[in-house]
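Notes for the one structure printed next.
There are 4 protein chains.
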Amino acid sequence: MIIVLKSGIGDDAIEDVCRRVTEMGYAPHIIRGEFKTIVAAVGEERGRPDLRLLEAVETVESVMPVQQPFKLASREVRPEPSEVRVNGVAIGANPIVVMAGPCSVESEAQVQEVADAVKSAGAKILRGGAFKPRTSPYAFQGLKYLAEARKRTGLPVVTEVLETESVELVAQYSDILQIGARNIQNFTLLRRVGEMGKPVLLKRGMATSIQEFLLSAEYILSAGTPDVILCERGIRTFETSTRFTLDLNAVPVLKKLSHLPVVVDPSHGTGHWDLVAPMAKGAVACGADGLIIEVHPKPEEALSDGPQSLKPSKFTQLMRELKPVAEAVGRSL
Amino acid sequence: MIIVLKSGIGDDAIEDVCRRVTEMGYAPHIIRGEFKTIVAAVGEERGRPDLRLLEAVETVESVMPVQQPFKLASREVRPEPSEVRVNGVAIGANPIVVMAGPCSVESEAQVQEVADAVKSAGAKILRGGAFKPRTSPYAFQGLKYLAEARKRTGLPVVTEVLETESVELVAQYSDILQIGARNIQNFTLLRRVGEMGKPVLLKRGMATSIQEFLLSAEYILSAGTPDVILCERGIRTFETSTRFTLDLNAVPVLKKLSHLPVVVDPSHGTGHWDLVAPMAKGAVACGADGLIIEVHPKPEEALSDGPQSLKPSKFTQLMRELKPVAEAVGRSL
Amino acid sequence: MIIVLKSGIGDDAIEDVCRRVTEMGYAPHIIRGEFKTIVAAVGEERGRPDLRLLEAVETVESVMPVQQPFKLASREVRPEPSEVRVNGVAIGANPIVVMAGPCSVESEAQVQEVADAVKSAGAKILRGGAFKPRTSPYAFQGLKYLAEARKRTGLPVVTEVLETESVELVAQYSDILQIGARNIQNFTLLRRVGEMGKPVLLKRGMATSIQEFLLSAEYILSAGTPDVILCERGIRTFETSTRFTLDLNAVPVLKKLSHLPVVVDPSHGTGHWDLVAPMAKGAVACGADGLIIEVHPKPEEALSDGPQSLKPSKFTQLMRELKPVAEAVGRSL
Amino acid sequence: MIIVLKSGIGDDAIEDVCRRVTEMGYAPHIIRGEFKTIVAAVGEERGRPDLRLLEAVETVESVMPVQQPFKLASREVRPEPSEVRVNGVAIGANPIVVMAGPCSVESEAQVQEVADAVKSAGAKILRGGAFKPRTSPYAFQGLKYLAEARKRTGLPVVTEVLETESVELVAQYSDILQIGARNIQNFTLLRRVGEMGKPVLLKRGMATSIQEFLLSAEYILSAGTPDVILCERGIRTFETSTRFTLDLNAVPVLKKLSHLPVVVDPSHGTGHWDLVAPMAKGAVACGADGLIIEVHPKPEEALSDGPQSLKPSKFTQLMRELKPVAEAVGRSL
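As you go down the protein sequences, you meet chains A, B, C and D in turn.
Add 19 to a position in the first sequence, counting from 1, and you land on the number used in the numbering used here.
Add 19 to a position in the second sequence, counting from 1, and you land on the number used in the numbering used here.
Add 19 to a position in the third sequence, counting from 1, and you land on the number used in the numbering used here.
Add 19 to a position in the fourth sequence, counting from 1, and you land on the number used in the numbering used here.
Pasting the structure below:
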């Protein structure tokens with residue numbers, strides 16, 4: 020950490036800051052510039068007080084970190100990319116993994132129809148929302164429908180867990196536990212999910228910086244599971260022609276900072292079905308390890324997020340178009 | 020709702036949209052412009068399918084709402100301002116209500132010291148975080164400390180409830196249940212809290228639009244409690260010189276759209292203790308009904324958010340300075 | 020336009036709004052909903068007063084447009100895509116067009132070295148900043164260096180025009196006139212440039228919505244030139260790990276709304292040379308017609324924007340990698 | 020500057036960076052942490068190469084400034100606040116200075132009517148847009164109308180200068196030269212205006228950080244004029260219920276970092292006339308030295324920005340309400 024002191028303070032104040040740094044367990048190094056004096060605090064930060072507290076000291080102007088605040092998630096600790104394996108599917112390996120399914124599970128027939136369609140188009144994982152905040156009475160049924168579709172198609176299932184109370188229930192039915200964008204900083208839930216040891220798909224929040232995103236991943240990793248998949252799904256900006264601004268820059272930035280696999284959700288990220296295909300191709304070309312895409316047999320009658328869902332026929336066409344894009348960047352599909 | 024059709028579509032497509040509108044329970048009105056045809060769908064939206072689903076229809080360009088999607092929270096339904104009463108304190112009445120206390124409850128002594136200090140400076144409600152995600156083992160103790168401080172000082176207590184599991188526990192100890200910024204769209208929690216019938220302090224999320232904010236308030240109101248206090252606490256923007264951008268514009272906008280009382284949190288909103296006083300004054304001058312402010316006896320040793328906490332002496336000074344500002348806009352303090 | 024009236028107003032107020040709409044030259048249609056009354060104003064907006072002025076009327080809640088405010092730039096007026104032709108290079112045709120060169124022209128040798136390198140790697144247009152705000156004395160020389168490089172390599176040149184005063188000068192030396200992000204709403208400059216009749220590369224501003232972007236293009240088109248190339252170059256968001264957030268979503272959105280060709284600048288858009296290659300591939304995969312990329316022989320000694328510039332060897336490698344991506348989406352390079 | 024090196028690099032790379040730092044004229048200090056090595060570069064930055072160029076070196080992770088990049092505008096160089104004096108009006112002194120007038124000058128009668136009204140309500144400076152991009156033929160006339168109103172009322176005039184070409188012309192008629200939000204980084208214009216020696220009102224751009232804002236002020240100051248007034252006028256965020264998000268936090272932040280006076284424009288900042296009064300009061304309460312407000316006799320017929328203009332009667336009422344707010348924070352009006 021670099022502690023920048025206010026201009027014009029005396030040696031007493033510098034000494035005071037150094038004393039505090041030492042008491043917090045770090046070694047202070049003073050550097051006197053022409054206008055500013057800084058104190059570099061050297062030492063492992065884990066298990067020691069947070070130096071940023073010194074911003075509450077009146078002679079301190081700011082405290083600046085010089086290293087990323089996450090470790091288990093970082094490339095520095097693990098230079099080679101991780102692979103998350105689920106029932107024979109490896110996310111983060113060479114093949115691009117496409118997860119597809121309906122936003123909300125509505126009926127057994129709907130899930131079966133979509134599951135069959137996305138499987139035959141080449142999807143490797145079935146996605147589906149079993150719990151919706153307003154429909155929790157039917158929650159258990161949604162999970163069962165997904166489980167039946169998994170049995171029938173052999174596709175592993177990813178579904179969201181909304182609350183700590185239902186982590187164990189969802190873990191019984193789902194192969195990958197999804198943390199939704201709204202829970203990105205629900206640390207109790209992150210820990211509980213991390214303790215299950217199952218793979219986790221972690222969605223970036225709509226106002227979550229990449230650094231915060233990786234800190235949330237770190238939280239899950241430190242709870243026990245090594246299998247975290249990062250998912251970019253759009254951030255909130257001033258632009259309103261898309262529902263969110265799908266931030267594809269996050270893909271290479273995350274791959275640079277972290278060894279964890281990265282997938283992209285162009286359905287939620289854009290909010291419009293006709294933007295899903297181009298953004299899916301863009302995601303694969305810029306380095307994503309996978310995609311998560313909403314498919315619904317009748318989008319105009321969907322219980323949620325119909326306008327961003329692809330019909331099965333359009334999904335099949337997209338899968339055909341994605342294959343050469345994957346190959347162009349040295350991946351298979 | 021206004022359904023804008025794509026240019027160049029034929030009468031068949033217009034008919035098809037009108038048929039869908041009728042089937043969904045609304046009355047369609049066609050208006051043909053020089054370039055665009057629109058269909059206005061008239062009818063009460065509660066209890067009917069969401070017309071925005073029509074965006075999934077290929078001939079539809081967009082669906083635009085013409086009225087705010089909340090009702091119980093709106094000025095149109097209740098023109099006069101609401102007051103939320105807690106143990107003799109009325110939030111939304113003429114006097115500005117200041118809530119103050121530590122970000123995190125750390126010890127019995129700390130809470131007592133702060134509670135005494137803020138009470139004697141004129142605060143009317145004690146705030147304090149009893150649960151912190153990483154310290155849940157001590158949670159229950161934090162609530163007890165707050166309850167003891169309430170008993171000693173007579174100040175009602177506001178504290179955050181982080182999870183549905185702990186709603187009942189917190190409700191036993193707290194006079195106002197706070198929903199934090201991260202839970203603004205945790206609808207299960209909103210409903211559970213609304214069902215308790217106790218006053219709720221609802222904090223705007225850092226990427227929550229004002230319309231979404233009022234929709235979350237509506238969710239609580241429709242669960243049963245009439246007593247919701249809205250709290251502006253900063254949104255995320257590109258500006259980094261403040262931790263968030265405290266959006267004081269939200270104060271008059273919320274007052275215009277809704278009858279609910281509005282308070283402002285300049286501590287979280289700015290992240291810097293030396294910005295708390297000016298922004299607190301700004302908030303009162305632009306119409307806020309109250310403030311929520313972090314006070315800590317030793318900010319540089321706080322377990323959380325020290326850099327944005329006021330020392331008791333600075334809080335006392337702020338209260339003195341706020342009084343004439345409140346009076347200047349016809350309020351007392 | 021849809022004029023939404025405030026709730027609870029009487030027939031007099033509705034009549035008053037209709038009268039104003041009629042006086043402004045439009046035909047009013049009243050639609051009475053259960054809570055709101057709206058007035059749809061039908062009529063061509065060009066050459067008539069702006070209906071949004073009615074927002075200043077106290078009984079009016081809001082005025083909502085139902086159609087895009089641009090026409091010459093729109094797909095509705097011209098469904099087939101436009102091609103901009105410059106010395107035998109067609110931007111918007113099947114081949115992806117890569118424009119490359121230094122951010123700032125620093126010396127004759129530098130321009131020549133870069134021009135030769137990017138040409139042999141396959142770039143079709145030479146880019147270079149001749150004017151920098153702080154170096155205007157050397158401006159003319161920068162233009163001459165570019166012109167010499169054009170003569171030697173045969174590559175057409177694109178360079179920015181910063182001020183109305185220098186439009187004619189730049190037009191003598193440059194094949195495409197670039198409007199920088201900071202001038203996106205400098206309407207005097209847009210008009211002056213549009214009157215030259217030369218192709219224009221229009222960069223989106225860092226806080227410019229897609230609708231405003233197309234309005235600026237419309238302004239140039241209406242001044243006389245039919246040849247406008249739209250350039251996405253990053254918007255400002257809360258994310259700081261990239262200099263800007265390159266908004267690739269803008270590519271398919273612009274292609275949907277407009278017939279104009281779209282190119283992407285991954286150098287300015289990300290601010291980091293190691294993000295240029297993945298984002299360039301992403302741009303091509305999601306439908307961009309071209310790229311504009313900064314290349315510098317010694318980025319660490321560049322007068323500007325070194326950290327985002329590619330060395331010639333890395334640019335050559337990128338061009339090799341882009342070819343299969345272009346082919347995967349049915350384009351050549 | 021702090022140069023953070025990549026993890027795992029050897030002593031050769033550290034030496035190489037130190038050599039580059041020395042060659043650029045700074046003194047390098049190496050600090051070896053447990054994971055990262057940093058090099059602190061000490062030395063005056065003016066007149067030396069920009070150390071951030073080192074981000075283009077492959078072994079460098081990032082370059083972080085430890086001091087603000089502006090000097091003439093900073094509190095560190097000039098601790099006491101500046102006052103800008105215009106014809107006997109001092110902006111930055113104790114009295115709050117209100118500037119008011121129409122967005123666009125439309126006719127001699129309109130300017131006279133507004134000038135008389137705002138003067139009698141207590142405004143000290145007349146504002147008005149003489150040049151509008153699309154009406155430049157009438158520009159000169161607009162300036163003359165403003166000059167006549169100045170003569171008649173004695174109010175000094177502030178008006179925007181849009182282009183370097185018209186700086187001298189505007190300077191003949193205007194007492195304060197306004198730089199609009201769109202020109203905040205038009206450095207040629209900033210320099211030209213700074214060279215005139217007249218007071219300058221500098222509006223923050225809608226995507227301009229506070230640091231960039233002060234850098235633009237620095238640019239004007241270094242061109243010669245000591246009299247720069249900073250104007251907050253709203254930034255672009257995801258929130259759409261206001262036209263921009265007026266960032267009142269900028270007021271205390273600017274006052275902390277700089278000695279320059281700060282005024283606020285609640286008309287452009289919010290875009291709605293009914294938000295002008297509360298935000299004007301908020302601005303004064305949080306420390307603004309003045310306000311700039313749009314007043315129009317018939318907002319619903321204004322040529323521009325009618326919906327955000329106050330009628331003279333509402334402006335008069337606002338001035339009455341502002342007086343006690345100013346006094347509450349120790350200022351007069």
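Using N, Cα and C, we set each Cβ at its ideal position, and we do this for glycine too.
Keep in mind it's a predicted model, so treat the numbers as computed, not measured.
Buried or exposed: where does residue i fall if 16 or more other Cβ atoms within 10 Å of its Cβ makes it buried?
i: A:A236; result: buried
i: B:P318; result: buried
i: C:V96; result: exposed
i: D:Q129; result: buried
i: A:S260; result: buried
i: C:G253; result: buried
i: D:N268; result: buried
i: C:R211; result: buried
Taking the C-alpha atoms as reference points, what is the distance between residue i and residue j?
i: C:Q197; j: C:V177; result: 6 Å
i: C:L294; j: C:L329; result: 10 Å
i: A:P218; j: A:I195; result: 5 Å
i: C:R65; j: C:D308; result: 31 Å
i: A:S155; j: A:L249; result: Annotation note: pLDDT 47 at A:S155 (below 50); position unreliable, no value reported.
i: C:L352; j: C:G141; result: 8 Å
i: A:H48; j: B:K90; result: 60 Å
i: B:Q204; j: A:R201; result: 7 Å
i: B:A18; j: B:G62; result: The structure shown does not extend to residue 18 of chain B, since chain B is modelled only from 20 to 352, so the question has no answer here.
i: D:I50; j: D:R38; result: 15 Å
i: B:L162; j: B:T289; result: 27 Å
i: C:G173; j: D:V247; result: 48 Å
i: C:V23; j: C:F263; result: 37 Å
i: A:E42; j: B:Q327; result: 22 Å
i: D:K275; j: A:S332; result: 60 Å
Under 7 Å Cβ-Cβ, which residues of chain D neighbour residue i?
i: A:H48; result: I50
i: A:S241; result: Ordered by position in chain D, no residue passes the 7 Å Cβ test against A:S241, which lies about 17 Å from the chain.
Mind pulling the chain C residues with CB within less than 7 Å of residue i?
i: B:T256; result: F257
i: D:N205; result: R201
At a CB-CB cut-off below 8 Å, which residues of chain D make contact with residue i?
i: A:V323; result: Before going on, a small fix: residue 323 of chain A reads as Ser here, not Val. Per Cβ cutoff of 8 Å: no residues; A:S323 is ~22 Å from chain D at best.
i: C:P326; result: R71, L72, E74 and A75
Hey, quick one: how far does the beta strand (DSSP E) through residue i stretch, first residue to last?
i: D:H48; result: A46 to R51
i: D:C250; result: V247 to E251
When the cut-off is 8 Å and only beta carbons count, does residue i lie next to chain G?
i: A:Q87; result: Of the chains in the structure shown, none is chain G; the protein chains are A, B, C and D.
Find the residues of chain C that neighbour residue i, judging by a C-beta separation of less than 9 Å, and give them in chain order.
i: D:E237; result: The contacting residues do not exist; D:E237 stays about 13 Å from chain C at best.
Going along chain B, which residues have a C-beta under 7 Å from residue i?
i: A:S332; result: Within chain B, no residue comes near A:S332; the closest Cβ sits about 13 Å away, beyond 7 Å.
i: C:A307; result: Residues of chain B passing the Cβ test: none, with the nearest at roughly 24 Å.
Mind listing the chain B neighbours of residue i? Cutoff is C-beta to C-beta under 9 Å, in chain order.
i: D:T261; result: I229, D266, N268, A269 and V272
So residue i contacts chain C; which residues on that side make the cut at Cβ distance below 8 Å?
i: A:E95; result: Result: empty, since nearest Cβ-Cβ is about 16 Å, beyond 8 Å.
Report the neighbours of residue i on chain A: residues whose CB is nearer than 7 Å to its CB, in chain order.
i: D:S26; result: E95
Along the chain, where does the alpha helix (DSSP H) containing residue i start, and where does it finish?
i: B:L234; result: I229 to A242
i: C:R339; result: P331 to A347
Segment contact, 8 Å Cβ cut-off, at least three pairs: the region 96 to 111 of chain B with the region 80 to 88 of chain B: no
Stretch pair the region 343 to 352 of chain A + the region 20 to 36 of chain C: three plus CB contacts closer than 8 Å: no
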